[in-house]
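Mapping of the sequence shown onto this note's numbering: residues 971 to 1067, in sequence order.
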Amino acid sequence: MSRRRLLRPGQIRALLLDSEPWLSCDECFNRVDRYVEHLLAGSSGHDELMTVHLIACPACLDEAESLLTLRAADLGMPAQTALQTLATELAANRGAP
Ligand SMILES: [Zn+2]
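Shown next as structure tokens:
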């Protein structure tokens, strides 16, 4: 017997997103350190594959946000500032064709 589960609107949006160019979660994991360092250094648009993946993959986004928060603390940067940098990067790419 199967049980039906309703998807939340955010989950449906994520499933329908264009995730090209494609990057696997493993590749994302291998690149996330570098991506976070670039973000904290203030450079944007440096890794389109990562940005596209993070927009479409809530699990990896969660991982990236955790790492970003930890690295920001090391640098004495408020977590909210670091998270806003990531949100701005993702928002800038969200509407891209
Ligand atoms: Zn992923």
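Idealized CB from N, CA, C, for every residue including glycine.
Just so we're clear, the structure is a prediction, and the values are computed from it rather than from any experiment.
query	result
Are there 16 or more other CB atoms within 10 angstroms of the CB of T1051, so buried, or fewer, so exposed?	exposed
I need the DSSP call for A1049, collapsed to helix, strand or coil.	helix
Within 10 angstroms of the Cβ of I982, are there 16 or more other Cβ atoms? Answer buried if so, exposed if not.	exposed
Cutting at 8 Å between CB atoms, please list the residues of its own chain near T1039, excluding the five before and the five after it.	A1049, A1052 and L1053
Assign C995 to buried or exposed, taking buried as 16 or more other Cβ atoms, counted over all protein chains shown, within 10 Å of its Cβ.	exposed
If you follow the alpha helix (DSSP H) that R1041 is in, where does it begin and where does it stop?	P1028 to D1044
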